[in-house]
Each structure stands twice: as structure tokens, then as C-alpha cells.
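> In mature numbering (1 follows the signal peptide of the UniProt record, and there is no 0), the protein residues as written are -22 to -1, 1 to 321.
Using N, Cα and C, we set each Cβ at its ideal position, and we do this for glycine too.
Note that the structure is a prediction, hence the values are computed from the model and not measured.
Sharing a structure with you now.
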Amino acid sequence: MHAQRALLVCSLLALTVSAAKAAPGYSARFYERSAEGWFWYAEEPPEPEIPESEPEPEPQPEPALTPEPPPPLAQPSPPEEPVPSAPAPLSAAWLRENLERYRDQAIDDPSPTNVALYLYLQRLVLDKAERFAEATQRAVWADPLLDETTRRPLATFAANLANREAGAARDAALKLIAEQAGLWFFYRADCPYCEAQAPLLDLLTTRYGLAVRAIALDGRPLPGGFFPSFATDVGQAKALGVVSTPALFLVRPPAGVVPIAQGVLSLAELQERLVNAATEAGWIPEHWRERTRARVTDLRLDGTPLQDAERTDDPDQLLERLRSRAVLPSLPPLTPTPTPGTP
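This is the structure we're talking about:
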């Protein structure tokens, strides 16, 4: 009986050893690991974790390709400005640029050479100016459009004659004005300038028959007794913008009013302004004003602007076009004064 138990124990021990050898991780030197004991249990090593693969990102749409702008066009280089050429030696331009330099040189260093050089250059300038003056005189004498005597004589006796002719034309123009217009004269009794102006206005009435209507701003007569039949201002001065006295206005019925002056005028100034005012208003023809200017002929070159097609750099062509632009006056023929004994 005891023998059977011993045999059974031996068999169990043999099976245990066989199982231990067959188990993974078994070490043949088990007894060398006595600290583990008979009942030590070795855990199996954990299986390595397989990292979860991240989800692949969704494909992004490819950005639309923006066409590259074309390269900027090459800007044309600005044309090189021509270098101005130096003026010809001893020309007018050369002398204008250098004469003062040679003068300063002679002043700073008055050697015989420097002084003589400056004086020679100065003599050259004077000779050129004299030659130009002589050529100018010849050109003026040969062309009536350039000769000032065509417009007004320079001789004293002829100039006096022109003045007398202009005076006669002015008197005739003022008489023509007096037939259709009159003068309003605003004054104050305490104004010394109004008192000084009154005799000249009375002379216009006597000489040309120009009616003068005196209008008192203060309702009182003039101290000198001129224009006793005056009128009192009832708003005309304000309507016409009178700011000073004496104030003069040329008036033609029914509604023509032209300012002449607000201040004292001489007789000659009165005559000239009356003719100009009536001409500008269209009350007398233009040729009357032209005759009062003491000019024989009124020649002008500025009548019309030069057209683009007429522009030229050729001196001969430009001169011819300027001559063709002269505006000749169209004055009516003068009627000669009949001599005694002629019909």
C-alpha cells in the first residue's frame, strides 16, 4: 500500500517537471532562481500595442491656378535732350554771355591786355548796335505798316494839324451825342468838388447843346448859382450806385444809362469819356472815336489770331503772313471845307 503511494507521488513529480520544461520561458536553471519559489507565476509579456493608424486626411481640392500677370512692358527711354550748342564766337549771344566776365576780369586784373580786350569787345557791341539801328531805320522807311508817321506825324506843325483835326472830329461827335442823350449830374451843396465841376458842365451845354440835369442829394442848390433848375434825388442815386460826388451819367431815353465818372474831370477828360461811352453803347459809329485820336491812319496787326496752318519758322513766310494780317481802317472820306467863292 505504501509502495503504491510512493509510486504515485513519483509519477506526479515527473509530470510536473515535464510540464515545467514544456512551458515557454522555462529556464533549465530553475533551481538557480530559488527566490521565485515553487508557486511563482510568471506573467506572459504583454503583446506590443499596434498604434492605430490615423485616418488619412481628405484630399484637398487643388487651388485654382491664377495666371501670372504678363511682365510689364519695357518703358521707352525718354529721348535725350539735345545739348545746346555753344553760341558762335563774337555773336550777340556770345557777347551777352561773356562781356561781363571780361569786364570783371579787367576790373580784378587791370593789365593792359585785359583792359584792351574788354574795350575791344565793348566797341564790337556798339558797332553791332549801330548797324542794327541803321537797318531798322531803313526797314521802317520802306514799309508804311512799320512807319509810325503813317499813324501820326512826328513833325511839330503836322502833329498840331492832327490835333486840330481830332478836336474838330470830337466836337462833331459831341454834338451828335447831344442830339440823343443828356448828362445827369449828382451833387451836394456842401461838396467843393461839385462846385468846381459845375462850370465845365455848363460849358458842355453852351458849346455842344448837351442837356445837363443837376440832381441834389441834399435838396439844396449849388453855391455858385449853376443849374438853378435842379431836381432833388428820390432814389436815382441809390439805384445807380452813387458813392461819391460829383457823379456823372450819360443818359439816353428811354432806358440807356452809361456811367462817366464819380469824381472831378477836366474838360478834355469829359470830352474823351463822353465819346468813348457813347461809342461803346452803340449810340454813335466807331469811326467817330477813331477820328478823335489825332491819328492819320489806324493800322493794326492784331485783328485776328494766327491760325495753326499759318505757323511757320521760315522768316520770309512769317514776314509775308504778318504783312497780310494788317487791318486797314475803313473811314468814310473826309468832306473838304469849301473855300469862299466856290459853289
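Is the number of C-beta pairs between the region 208 to 215 and the region 182 to 190 that are closer than 8 Å three or more?
no
> Measuring only the C-alpha atoms, how far is P237 from L228?
6 Å
> Opposite G241 in the DSSP bridges: which residues?
Note: G241 sits in no beta bridge, so no partner.
> Suppose the cutoff is 7 Å on Cβ atoms and the five residues either side in sequence are ignored; what does the same chain contact list for A151 look like?
Here A151 has V253, I262, W266 and T270 as same chain residues with Cβ atoms under 7 Å from its own Cβ, once five neighbours each way along the sequence are excluded.
> Throw me the rounded Cβ distance for the A225 and T210 pair, which I believe falls under 8 Å.
Contact doesn't hold; Cβ gap of about 15 Å is too wide.
> Helix, strand or coil, according to DSSP, for W16 in the structure here?
The predicted position of W16 is uncertain, since its pLDDT is 43 and thus under 50; a value taken from the coordinates is nonetheless stated next. If DSSP states are grouped into helix, strand and coil, W16 belongs with coil.
> Select from A64, P293, A84 and C172 the residue whose C-alpha is nearest the C-alpha of R198.
C172
> Within the chosen definition, does the region 129 to 139 reach the region 271 to 280 through at least 3 CB pairs nearer than 8 Å?
yes
> For Y98, which residues in the same chain have their Cβ closer than 7 Å to its Cβ, ignoring the five residues on either side in sequence?
none
> Straight-line CA distance for residue 324 to V118?
Residue 324 lies beyond the residue range present for the chain, which begins at -22 and ends at 321; the question has no answer from this structure.
> Report yes if the CB atom of G160 is closer than 8 Å to the CB atom of R191, and no otherwise.
yes
> For R251 versus A239, is the C-beta spacing smaller than 8 Å?
Against a cut-off of 8 Å, the Cβ pair of A239 and R251 comes out as a contact.
> Compare the C-alpha of G203 against each of P177, F135, A120 and T223 and name the closest.
P177
> Let me know the secondary structure DSSP gives L132 once reduced to three states.
coil
> Work out the CA separation of P65 and A94 for me, nearest whole Å.
The straight-line gap from Cα to Cα measures roughly 23 Å.
> Quick one: what does DSSP say R230 is sitting in, helix, strand or coil?
strand
> Give me, in chain order, the residues of the same chain whose beta-carbon lies closer than 6 Å to that of R301; leave out the 5 immediate sequence neighbours on both sides.
Around R301: no qualifying Cβ.
> Does the pairing of the region 68 to 86 with the region 101 to 118 give three or more beta-carbon distances under 8 Å?
yes
> Report all residues from its chain with a CB closer than 7 Å to the CB of A70; omit the five preceding and five following residues, and keep chain order.
K106
> Mind checking which residues open and close the alpha helix (DSSP H) that includes W162?
Run containing W162: none in the alpha helix (DSSP H); it sits in the beta strand (DSSP E), G160 to Y165.
> Using three-state DSSP, classify T210 as helix, strand or coil.
strand
> Which whole runs of the alpha helix (DSSP H) in the region 92 to 122 are 4 residues long or more, in chain order?
none
> For V(-6), I'd like the list of residues in its chain whose CB is within less than 7 Å of its CB, leaving aside the five on either flank, ordered along the chain.
A caution first: V(-6) carries a pLDDT of 49, below 50, which makes its placement in the model too unreliable to give a value.
> Could you check the C-alpha separation between E157 and A167 for me, to the nearest Å?
29 Å
> Assuming I85 is part of the alpha helix (DSSP H), what are its boundary residues?
A70 to D86
> Using a 10 Å radius around the Cβ and a threshold of 16 neighbouring Cβ atoms, would you call F110 buried or exposed?
Exposed, since its Cβ has fewer than 16 Cβ neighbours within 10 Å.
> Note down the Cα distance separating A256 from A120, rounded to an integer number of angstroms.
C-alpha separation (whole angstroms): 38 Å.
> By the DSSP assignment, the alpha helix (DSSP H) with T176 in it spans what residues?
As written in the sequence, residue 176 is Ala, which differs from the Thr given in the question. It spans P170 to Y186 - the alpha helix (DSSP H) in which A176 sits, taken as one unbroken run.
> Would you identify the three-state DSSP class for V253, choosing helix, strand or coil?
helix
> Just tell me which of P48, N138 and Q175 has its CA closest to the CA of T223.
Out of P48, N138 and Q175, Q175 has the C-alpha closest to the C-alpha of T223.
> What does the alpha-carbon distance come out to for the pair A144 and V220?
32 Å
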